[in-house]
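This report refers to the structure that appears directly beneath it.
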Amino acid sequence: MANVTIYSTDGCPFCVKAKTFLAERGISFEEIEAAPGSRAWNEMREKAGSSSIPQILVGDDPIGGYSDLVSLEATGELSQKLGLAKPGPVSPLYDVIIIGGGPAGLSAAIYAARKVLKTLLVSKDIGGQVTWTYDVDNYLGFSQIETADLIAKFEEHVQKYGVEKLVEVEVKALELTGKIKKVVTGKGETYLAKTIIIATGKRPRPLGVPGEKELIGMGVTYCSTCDAPLFADLDVAVAGGGNSALEAVIDLMKVARKVYMVSLTPLTGDQILQDKVVSSPKVEVFTEHEILRIVGDSAVEGLEIKSLSTGEAKRLSVAGIIIEIGLLPNSGLVVDTVQTNRVGEIVIDSRCGTGVSGVFACGDVTDVPFKQVIVAAGEGAKAALSAYDYIINQR
Amino acid sequence: MAKEFLSQKGVPYTLYDVTKDKAALEEMRKISGGALRVPVIAVCNEVMVGFDRDRVEQSLRCLNHSSEV
């Protein structure tokens, strides 16, 4: 194998990335400290023809910085330069990989395919957050449509363009800074692309109390529309005080025996919903109460709550709890790479750009105002067209 | 997704809509130890809460055995 030399300095993030990249592949290298202005730095400039750091050389052949390293690996040239056997079949290079299969991701897939971009969609599911509701109102063309029908139409539409899909697949890691982007799935497979569109949506915010995680599905749920009918004839609780929580209580009023509503604050949802809830004889509301724990061995048996004003603790005997205390953006994979706002949403510009070249984001995971299906679909289209523009301008 | 998977595998199954069938809902809660989530899938003596493709695939092996015996 040819000798690899890397000129680096302390505290340069791409030096660390380049070294990790080499080490992970078992490629040994000599590291030369090249502080700007030093003798080694001058030597580097002479050999590599560039003064940016890091610079990597294979033998005497300068290959550039970290992003060049990633590109060379993607095309298989790196192994050639190193004198190694060609690696086995690698992922084809996609023009765009879309992560997420909700309205934003699906719409992006259609617009990308329409521009004849080689497209791959990777998602845990199809439909995303929309599937948490029974029906969708006022999506253009439909005054009201059942969610399942709308999603089926979306999917059929995407299928028409023959977009490649990986469904029920979780993305474990993303490498976004190089020219060639990398997507690593939970199964350890790697996919390469020129651009990435992040459309990962939001997830329910957990309470973060003992018993919650352990009893998911055994009485703990975050989706009243999905699960309310299963609570028939039981005593149940709803955590939260906003519109979603009030709607959950209203869903449950129809089927459950008794509904407790526990909110950390005074109720904040629409007055019309509050009136419905407060006037029901089935409902008991505890405002300014904290939930301390969810009790139960293998299934939910009760809740411990505490009044914020008096400090008085109480136990409610319930078989289930629906948690409706807001949503969190699924931005964990990129939070180190792209800019996010106070609530963790990816900050985008008017063209769905994230500030990292070739990386776009759309839908509820972003800071776009008004989280609506139709907004997400429009944003998906924008992200795909921006990815197309980016690729065209790279040529 | 679970229904599609079973159909693809050619496995016959009985579908209970627990939102409409109270007896089935009771039965589901009982056999799953109190699950309040769908789907609950029962294969031979195994009860699975939620749909995990790999786990369902494994559980289906008991069907092959019983048909051989």
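The listed protein sequences derive, respectively, from chains A and B. Numbering follows our numbering, in which position 228 of the first sequence is assigned residue number 228; successive positions increment by one, without gaps. Numbering follows our numbering, in which position 16 of the second sequence is assigned residue number 1016; successive positions increment by one, without gaps. By construction, the Cβ of each residue, glycine as well, lies at the ideal position given by its N, Cα and C atoms. In this text, all values refer to a predicted model and were calculated from it rather than measured experimentally.
{"query": "Closer than 8 Å to chain A by CB, G1034 of chain B", "result": "yes"}
{"query": "Cutoff 7 Å; reference S1032 of chain B; Cβ partners in own chain excluding five residues on either side", "result": "V1040, V1047 and V1049"}
{"query": "A40 of chain A beta carbon less than 8 Å from that of I32 of chain A", "result": "yes"}
{"query": "Test item: CB-CB of V130 of chain A and V136 of chain A under 8 Å", "result": "yes"}
{"query": "Members of the segment 218 to 243 of chain A near chain B, C-beta cut-off 7 Å", "result": "M218, G219, T221, D227, P229, L230, F231 and A232"}
{"query": "Residue burial classification, I346 of chain A (beta-carbon count within 10 angstroms, cutoff 16)", "result": "buried"}
{"query": "Interface positions of the segment 1019 to 1033 of chain B facing chain A (Cβ-Cβ less than 7 Å), listed along the chain", "result": "T1019, K1022, L1025 and G1033"}
{"query": "Beta-carbon proximity list for A109 of chain A, same chain, < 7 Å, skipping 5 on both sides", "result": "I98, T119, L121, V158 and V163"}
{"query": "Supposed close pair G188 of chain A, V70 of chain A - CB separation, criterion 8 Å", "result": "Wrong, their Cβ atoms sit about 18 Å apart, outside the cutoff."}
{"query": "Neighbour-count burial assignment, F21 of chain A, 16 or more Cβ in a 10 Å radius", "result": "buried"}
{"query": "Coarse secondary structure for G363 of chain A, derived from DSSP in three states", "result": "helix"}
{"query": "Test: R1053 of chain B CB closer than 8 Å to a CB of chain A", "result": "yes"}
{"query": "Minimum Cβ-Cβ distance from R1061 of chain B to chain A less than 8 Å", "result": "no"}
{"query": "C-beta atoms of G380 of chain A and E324 of chain A nearer than 8 Å", "result": "no"}
{"query": "V1047 of chain B: contacting residues in chain A (beta-carbon distance under 7 Å)", "result": "Those within 7 Å of V1047 of chain B in chain A number zero; the least Cβ separation is about 12 Å."}
{"query": "Under the three-state DSSP convention, the category G151 of chain A falls into", "result": "Checking the sequence shown, residue 151 of chain A turns out to be Ile, not Gly. Helix."}
{"query": "Contact between the segment 248 to 266 of chain A and the segment 228 to 239 of chain A (3+ Cβ pairs under 8 Å)", "result": "yes"}
{"query": "Rounded straight-line distance, which links the Cα of E77 of chain A to that of S28 of chain A", "result": "17 Å"}
{"query": "Within-8 Å CB hit, S298 of chain A to chain B", "result": "yes"}
{"query": "Straight-line gap, G353 of chain A to A361 of chain A (C-alpha atoms, nearest Å)", "result": "7 Å"}
{"query": "Cα-Cα separation between V171 of chain A and I180 of chain A, rounded to whole angstroms", "result": "17 Å"}
{"query": "CB-CB length for G296 of chain A against L215 of chain A, believed under 8 Å", "result": "6 Å"}
{"query": "For V338 of chain A, the three-state DSSP class (helix, strand or coil)", "result": "coil"}
{"query": "Backbone CA spacing between T337 of chain A and V356 of chain A [nearest angstrom]", "result": "8 Å"}
{"query": "Helix, strand or coil at Q55 of chain A [DSSP, three-state]", "result": "strand"}
{"query": "Rounded Cβ spacing between A400 of chain A and Y94 of chain A (contact assumed at less than 8 Å)", "result": "No answer is possible for residue 400 of chain A: it lies beyond the span of chain A, which begins at 1 and ends at 395."}
{"query": "Interface residues of chain A facing G1050 of chain B [CB-CB closer than 7 Å]", "result": "G217"}
{"query": "E168 of chain A at chain B interface by Cβ criterion, 8 Å", "result": "yes"}
{"query": "Interface residues of the segment 74 to 105 of chain A facing chain B [CB-CB below 8 Å]", "result": "none"}
{"query": "Cross-chain neighbours of G320 of chain A in chain B, by beta carbon under 7 Å", "result": "L1036"}
{"query": "In DSSP terms, what P204 of chain A is bridged to", "result": "A:L327"}
{"query": "Completely contained beta strand (DSSP E) runs for the segment 18 to 66 of chain A, where each covers 3 or more residues", "result": "30 to 33, 55 to 58 and 61 to 64"}
{"query": "Whole beta strand (DSSP E) elements within the segment 190 to 255 of chain A, 3-residue minimum", "result": "190 to 198, 202 to 204 and 235 to 239"}
{"query": "Opposing strand residues paired with Q144 of chain A [DSSP bridges]", "result": "A:D137"}
{"query": "Residue range of the alpha helix (DSSP H) that includes Y111 of chain A", "result": "P103 to R114"}
{"query": "Three-state class that DSSP yields for Y1013 of chain B in the structure shown", "result": "coil"}
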